[in-house]
Ligand code: SF4
Ligand code: SF4
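Protein chains in written order, with our numbering: chain A, 49 to 425; chain B, 659 to 950.
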C-alpha cells in the first residue's frame, strides 16, 4: 500500500498504487437544485451504451430521489453502516475516520459489499417520495417541513478508484490523458471484485458477456472536444463537464476550477469513502444540514451560502451560465459584466450567454393582426 | 504450549511434503480414455492421491476460510492422451450466471519447464505455467444450452435490442426471447462489448467446458491461442467429479511438456462461498509420474 494525498480529505491515505494523477482530470458539476428527475440523461445513456443483451438492468447514469431512493438498493447506506465514525475536523476540513481502503478487512484491498440481483430490480425505488408525511394544514413559511431532492449519479472517474484498487488482474485503468476510468473489455474475467468494491456501485456485471462494464465517460465525444451524452441532453441544464486542475494549479478562468476550487460551491459525493470522486455537486439548499454533511462533507454550509449569493458574484454566475449552453467542452471562460463567454482548448468561442436575460415586453394588442395577447407571459 | 507443538508439527509436515514434492500422482497406462465418463471401470486402474488444498492467503484478494479440504486425483493415459479425474466434496452445485452468483471450478497447473519448477501459485516471470481450467457454468452452457439472462430470471422483459437479426423465415423473435446467436453482426456485437473485444469469457458457443491458459505470476492469466484440452464434470452425492484430458505429446510449444515426469498443482473454487479468481483453494506442487 502506498501513501497518497487526497485533497477531499485534507490528508494522506492508504491506496494500493502510488499517486499518479492524469495529465487532465475529467470532472463534472451537477447542480442538484436544478434537476427535475426527467431521466433524459438516464435514457440518453441507456440508448447510447447499454441497450444490449445482458445490460437490461444497467444504468450507468441514474437519478434517484433522496432520502429514500437508491439504485442499487441501499447502495450508500449499506456501506456507510460499515464505515463507523465518519468524523471530520470541521475547522481544518480533515477527515478523521477511515476510508474504504483503510477500513478494508484482512485479505482485501477495499471495504465493499456485493449487491444481489434484487438490489438492481428497483431503479425507481423511493422516486418522488419526500422525507415524511405532510401534516394536515401545513403551509410553506420559508422552510419546508419535509424535503426531498434528486441526485443524478454516474461513475465519478475517481482519482483513487475503488474499482481499480480491487481488480486483481489490473483490468481497470485510469487514462493518463483525461483521467477516464475504463474496464479493459478484453482483459476482464468477470471476477466482480470491482462490483463489490466500487462504493458508488457504478461497475456492473453483464450476465451475457460475463464480464464487468461501466460508464466510459463517453470518451469518443471527449476525444472530439464534446461533453458526454448525459451532459449534452440534460433538460434542466444542471450539468457541466470539463477538466479539473490539481488544487494547487487551479485557474480562475477554468469554470470547473472556479466553481470547485476557488468558490468551493460544488462538493464531492461521500468524500469519506476516499476515492476522490470527480463529480461535484451543488448541495440542495433546502435539505437538513446533518443529511448534507454526511453526503457532501464539511464544506456544505459555506457552499450553500456562496450559492445563494451567486447574483452578486459575477465570476461565479458567469461560470454557472455556461451549463447546458454548448455541446463543446469549455476549457476557459470570460465574464465582462454583461456576457459570459466560453472557449474551447484552442481559444475559440463555444458559447456566449447574457448574465441577465433581456426582458421583452410584448404589447397587449398586436396592431398588425388585431389579436389580443393575454394569458401568455 | 499445545499450539506451539501443533504449529511446529505443521511446519515439519509442510517441509517434509515439500521435500517429497507433495503427494505423488501416478498416471497409469490404459487403453482408451473415458473422457466424459467418471464412472467407467477404467478409472479403477489408477490409484487415488489425496491432495490437500489450502485457502489462498498470500495475495489480495484472499480467501480467508477454506470450504474444501482436499481433491482426490486419479490419472490415466493411453500413450496419446492423459486424463485426470479430480474429485472433491461440495454440497452445492453452483453453475448459475448472475450478478451475485459464482461458479464451482477446478484447475490443474503444469510447469512449462519441469526442471526448474516455478512458484506453485501461478508461476512467475520466466517461470511460466500451463493451466487447464474447468468451470461449472461452462458445463451447463454445453449440457443445457447457453445460460442467458432468462435462465436465471425467467420473467425478465426486454422491449427491443438493436441489430437483432431476423430468423431464416423472415420473422423476428420477440426481444425477450431473443437468443445470443441472433446478434452476430459487428453492429450487434457493439452492444456486447466483451464479445466485440473477443474476450474468452464471452464465448456463446463453447464446445468444451474448459479453457487452456498460461500464467507467469498473479494476475497474468492469459488464454492460449490453441485450445485442445477437453473436460467433463458431473455433480452427484455432494461431490464434483471432473475429468480433464489433454495430449500427452503436444505440438503446441505453450503446452507444458509431459515427455518425462513433472509436477502438478490444483486449485478449487466453491461458488457458494463466493470463491472466484484469487479467492480459491490451492495445492502445492505434487510429483506426476507418467507410466508409459
Ligand atoms: S465511481 Fe466506482 S466505477 Fe467509477 S471510478 Fe470510482 S470506484 Fe471506479
Ligand atoms: S437530464 Fe438533467 S434534469 Fe433531467 S434527470 Fe438528468 S440530470 Fe436531472
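Yeah, the Cβ is synthetic: ideal placement off N, Cα and C, and Gly gets one too.
A quick note: this is a predicted structure, and the numbers were derived from the prediction, not measured.
CB contact flag (residue 263 of chain A, residue 123 of chain A, <8 angstroms): Going by C-beta atoms, residue 263 of chain A is not nearer than 8 angstroms to residue 123 of chain A.
Residue 64 of chain A and residue 186 of chain A - do their beta-carbons sit closer together than 8 angstroms? Their beta carbons are not under 8 angstroms apart, which means residue 186 of chain A does not touch residue 64 of chain A by this criterion.
Output the boundary residues of the beta strand (DSSP E) element that contains residue 74 of chain A. Residues 73-79.
Go through its chain and collect everything with a Cβ distance to residue 778 of chain B's Cβ below 6 angstroms, but skip five positions before and after it. Cβ contact annotation for residue 778 of chain B (same chain, cutoff 6 angstroms, sequence separation greater than five): 923, 942, 943, in chain order.
Exposed or buried, residue 93 of chain A, counting other C-beta atoms within 10 Å across all chains shown (16 or more means buried)? With at least 16 other beta carbons inside 10 angstroms of its own, residue 93 of chain A counts as buried.
Quick check: residue 161 of chain A and residue 126 of chain A, are their CB atoms within less than 8 angstroms of each other? With respect to the 8 angstroms criterion, residue 161 of chain A and residue 126 of chain A are classified as neighbours on the basis of their beta carbons.
Got a sec, what are the start and stop residues for the beta strand (DSSP E) residue 788 of chain B sits in? Run containing residue 788 of chain B: 787-793, per the beta strand (DSSP E) assignment.
Are the C-beta atoms of residue 99 of chain A and some chain B residue less than 8 angstroms apart? Between residue 99 of chain A and chain B, the shortest Cβ-Cβ separation is below 8 angstroms.
Can you tell me where the beta strand (DSSP E) with residue 948 of chain B in it begins and where it stops? First-last of the beta strand (DSSP E) with residue 948 of chain B: 944-948.
CA-CA distance, residue 900 of chain B and residue 892 of chain B? Per the coordinates, the alpha-carbon of residue 900 of chain B lies some 6 angstroms from the alpha-carbon of residue 892 of chain B.
How should residue 199 of chain A be labelled, buried or exposed, when 16 other C-beta atoms within 10 angstroms of its C-beta is the threshold for buried? Taking every protein chain shown into account, the CB of residue 199 of chain A has 16 or more other CB atoms within 10 angstroms, so this residue is buried.
Residue 250 of chain A in three-state terms, based on DSSP: DSSP places residue 250 of chain A in coil when its eight states are reduced to three.
Can you give me the start and stop residues for the alpha helix (DSSP H) that residue 242 of chain A sits inside? That run of the alpha helix (DSSP H) goes 241-245.
Which residues in the same chain as residue 676 of chain B place their Cβ atom closer than 6 angstroms to its Cβ, once the five residues preceding and following it in sequence are excluded? Below a pLDDT of 50, predicted positions are generally treated as unreliable, and residue 676 of chain B, at 43, falls in that range; the measurement from the model is reported next regardless. Excluding five sequence positions before and after residue 676 of chain B, none of the CB atoms of its chain fall closer than 6 angstroms to its own CB.
Rounded to the nearest angstrom, what separates residue 856 of chain B and residue 810 of chain B at their Cα positions? Each residue's alpha carbon lies about 24 angstroms from the other.
Pull the bridge partners of residue 437 of chain A from the DSSP assignment, please. The displayed coordinates of chain A run from 49 to 425. Any statement about residue 437 of chain A would go beyond what the structure contains.
What residues match up with residue 747 of chain B in a beta bridge as DSSP calls it? Paired residues: B/897.
Closer than 7 angstroms to ligand 2: residues, by C-beta to nearest heavy atom, in chain order: Cβ atoms closer than 7 angstroms to ligand 2 belong to A/78, A/82, A/83, A/84, A/85, A/86, A/87, A/88, A/89, A/90, A/111, A/198, A/200, A/278, A/281, A/282, A/283, A/284, A/286, A/287.
Can you find a C-beta in chain B that's less than 8 angstroms from the C-beta of residue 164 of chain A? Closer than 8 angstroms: yes.
Residue 654 of chain B: first and last residue of the uninterrupted alpha helix (DSSP H) it sits in: Given that chain B is displayed from residue 659 to residue 950, the structure contains no residue 654 of chain B and the question cannot be resolved.
Looking at the unbroken alpha helix (DSSP H) that takes in residue 710 of chain B, where does it start and where does it end? Membership of residue 710 of chain B in any alpha helix (DSSP H) is not indicated; the residue belongs instead to the beta strand (DSSP E) covering 707-710.
Can you round the beta-carbon distance between residue 789 of chain B and residue 879 of chain B to whole angstroms, since I take them to be within the 8 angstroms contact cut? At roughly 7 angstroms, the Cβ-Cβ gap stays under 8 angstroms, so residue 789 of chain B and residue 879 of chain B are in contact.
Report the rounded CA-to-CA distance for residue 222 of chain A versus residue 402 of chain A, giving the unit in angstroms. Computed Cα separation, rounded: 37 angstroms.
Hey, how far is the Cα of residue 898 of chain B from the Cα of residue 683 of chain B? For residue 898 of chain B and residue 683 of chain B, the gap between their C-alpha atoms comes out near 19 angstroms.
Note down, one range per segment and in chain order, each beta strand (DSSP E) of at least 3 residues found wholly within the segment 846-879 of chain B. DSSP runs (the beta strand (DSSP E)) wholly in the segment 846-879 of chain B: 868-873.
Just to check, is the beta-carbon of residue 251 of chain A closer than 7 angstroms to a non-hydrogen atom of ligand 1? For residue 251 of chain A, the shortest separation between its Cβ and any heavy atom of ligand 1 lies below 7 angstroms.
What does DSSP give as the partner residues of residue 728 of chain B in its beta bridges? Its beta-bridge partners are B/710.
Can you tell me the Cα-Cα spacing of residue 934 of chain B and residue 66 of chain A, whole angstroms? If you draw a straight line from the Cα of residue 934 of chain B to the Cα of residue 66 of chain A, it comes to about 26 angstroms.
Counting only beta-carbon separations shorter than 8 angstroms, does residue 276 of chain A have a partner in chain B? Not an interface residue.
Beta-carbon of residue 712 of chain B versus every beta-carbon of chain A: anything under 8 angstroms? No - not a single Cβ of chain A is within 8 angstroms of the one on residue 712 of chain B.
Contact criterion: CB-CB distance below 8 angstroms. Does residue 259 of chain A meet it with respect to chain B? By this cut-off, residue 259 of chain A is an interface position.
So residue 52 of chain A is in the beta strand (DSSP E); what residue range does that whole segment cover? Its beta strand (DSSP E) spans residues 50-54.
CA-to-CA distance, residue 765 of chain B to residue 742 of chain B, given in whole angstroms: Take the alpha-carbon of residue 742 of chain B and the one of residue 765 of chain B: they are about 11 angstroms apart.
C-alpha distance - residue 903 of chain B paired with residue 889 of chain B, whole-angstrom precision: For residue 903 of chain B and residue 889 of chain B, the distance between alpha carbons rounds to 6 angstroms.
State buried or exposed for residue 690 of chain B, treating a residue as buried only when at least 16 other CB atoms are found within 10 Å of its CB. By the Cβ neighbour-count rule, residue 690 of chain B is exposed, with fewer than 16 other Cβ atoms within 10 Å of its own.
What number of angstroms, rounded off, separates the C-alpha of residue 171 of chain A from the C-alpha of residue 940 of chain B? Going by the C-alpha atoms only, they are around 40 angstroms apart.
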